[in-house]
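Enquirer: Protein chains in written order, with my numbering: chain G, 45 to 188; chain Y, 45 to 188. For every residue, glycine included, the Cβ atom is placed at its ideal position computed from N, Cα and C. Please see the structure below; I have some questions.
Protein chains: 2
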Amino acid sequence: MSTRTVREKQTPEDAVRSVNNRFYAAFESLDLREMESIWSHDDRVQCVQPGWELLLGWDEVRDRWARIFKNIKRVRVAVSGVFVRVEENVGWVSCTARITSAFSDSFDEATVQAINIFVQRDGQWLLVAHHASPLPTPPRSAVQ
Amino acid sequence: MSTRTVREKQTPEDAVRSVNNRFYAAFESLDLREMESIWSHDDRVQCVQPGWELLLGWDEVRDRWARIFKNIKRVRVAVSGVFVRVEENVGWVSCTARITSAFSDSFDEATVQAINIFVQRDGQWLLVAHHASPLPTPPRSAVQ
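Laid out in structure tokens, this is it:
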């Protein structure tokens, strides 16, 4: 509503929203180093891809992203319906992501409902859990 | 490994695991009052049922459970693969739930991967987010 200096006035919710944006930007860039910088590298991080079971621990999670990034040629992610909640040093984001992926010989479009949990360590918000579930494409909200 | 007095030695992880069990027991009992007692009644609670979009706020979430409880005649929930993480006053559980439901004229079996986030208020852990996504039935882990 008013002009402001982001650095001065950034709330914890702003900071969590910002790192959530970085997560999807890292996905779009297919840059594994950038994706690595978003996550906590501990053995309790969790990742659920749409329709898949839980991956537990940084090694499993990193391997999955490396495989995804290797297989996808190009990807675009449109994020909407972003809802942020912060409770002390834990913050999470619920959002909808429409993911358009190009592979070497095919093309895929998917809409997911995601929840991403971040923990603050030394002033930095790190992703510790990503859980995405499939939604119909186009999403129900677009046709209701 | 050793016998112990649960009340004396209960860790925050034990407490979160326990309320997560109560959540699924409330679902099985189809007792709306019990389900109400598990949740925080605030306008930022979130609920994603398998394949559905986000419900936001206690009124929406309560209405959904009331409708589910009205439609289901009997339900059994088998929870497995439980993983608990606590960071100060926020704890979350990832688990797999196999849900067998009987309706007035049909029968349904579903397996979901869920994440449930709890926040501690005045010593009580309250559910603030439930996100469940569909998995194949039988789950992949059973046939791999």
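Report all residues from its chain with a CB closer than 6 Å to the CB of Y/Asp107; omit the five preceding and five following residues, and keep chain order.
Expert: Residue mapping note: residue 107 of chain Y aligns to position 63 of the second sequence, counting from 1. Result list for Y/Asp107: empty, nothing under 6 Å.
Enquirer: Which residues does DSSP list as the beta-bridge partners of Y/Trp169?
Expert: As a first step, residue 169 of chain Y must be located in the second sequence, where it is residue number 125. DSSP lists Y/Gln164 as partners of Y/Trp169.
Enquirer: Along the chain, which unbroken stretches of the alpha helix (DSSP H) at least 4 residues long are found entirely within the segment 95-179 of chain G?
Expert: 102-115
Enquirer: For Y/Arg129, decide whether its Cβ has a neighbour in chain G, counting only Cβ atoms nearer than 9 Å.
Expert: Along the second sequence, read from residue 1 onward, the residue named residue 129 of chain Y stands at position 85. By this cut-off, Y/Arg129 is an interface position.
Enquirer: Residues of chain G with CB under 8 Å from Y/Ile112, in chain order?
Expert: Residue numbering aside, residue 112 of chain Y sits at position 68 when the second sequence is read from its first letter. Within 8 Å Cβ-Cβ: nothing; Y/Ile112 doesn't reach chain G, min ~17 Å.
Enquirer: Which residue wins for smallest C-alpha separation from Y/Glu151, given the options Y/Arg118, Y/Ser62 and Y/Ile112?
Expert: As a working mapping, residue 151 of chain Y is identified with position 107 in the second sequence. Per the sequence shown, residue 151 of chain Y should be read as Phe rather than Glu. Considering only alpha carbons, the answer is Y/Arg118.
Enquirer: Roughly how many angstroms lie between the CA atoms of G/Ser81 and Y/Val172, to the nearest whole one?
Expert: Your numbering for residue 81 of chain G matches position 37 in the first sequence. Your numbering for residue 172 of chain Y matches position 128 in the second sequence. Rounded to whole angstroms, G/Ser81 to Y/Val172 spans 28 Å at the Cα level.
Enquirer: Whose C-alpha, out of Y/Val156, Y/Cys91, Y/Phe162 and Y/Val121, is nearest the C-alpha of Y/Ala146?
Expert: Sequence index remark: in the second sequence, residue 146 of chain Y carries index 102 (1-based). Put simply, of Y/Val156, Y/Cys91, Y/Phe162 and Y/Val121 the residue whose alpha carbon is nearest the alpha carbon of Y/Ala146 is Y/Val121.
Enquirer: Would you call the segment 128-141 of chain Y in contact with the segment 91-98 of chain Y, where contact means no fewer than 3 C-beta pairs closer than 8 Å?
Expert: no
Enquirer: Check whether the Cβ atoms of Y/Val156 and Y/Val60 lie closer than 9 Å to each other.
Expert: As a working mapping, residue 156 of chain Y is identified with position 112 in the second sequence. As a working mapping, residue 60 of chain Y is identified with position 16 in the second sequence. Cβ atoms of Y/Val156 and Y/Val60: not closer than 9 Å.
Enquirer: Please report the straight-line C-alpha distance between Y/Ser84 and Y/Phe67, rounded to a whole angstrom.
Expert: Taking the first residue of the second sequence as 1, we reach residue 84 of chain Y at position 40. Taking the first residue of the second sequence as 1, we reach residue 67 of chain Y at position 23. Cα to Cα, the separation comes out at about 12 Å.
Enquirer: Check whether the Cβ of Y/Thr144 sits closer than 8 Å to any heavy atom of the ligand SAH, and report yes or no.
Expert: In terms of ligand content, the structure shown is empty, and the ligand SAH therefore cannot be addressed.
Enquirer: Spatial neighbours of G/Pro178 within its chain, please: CB distance less than 7 Å, with the 5 preceding and 5 following residues excluded, ordered by chain position.
Expert: In the first sequence, counting from the first residue as 1, residue 178 of chain G sits at position 134. Correct list, in chain order: Pro94, Gly95, Ala154 and Val156.
Enquirer: So the candidates are Y/Arg88, Y/Ala158, Y/Glu132 and Y/Glu78; which of them puts its Cα closest to the Cα of Y/Glu57?
Expert: Along the second sequence, read from residue 1 onward, the residue named residue 57 of chain Y stands at position 13. Proximity to Y/Glu57 across Y/Arg88, Y/Ala158, Y/Glu132 and Y/Glu78 peaks at Y/Glu132, based on C-alpha coordinates.
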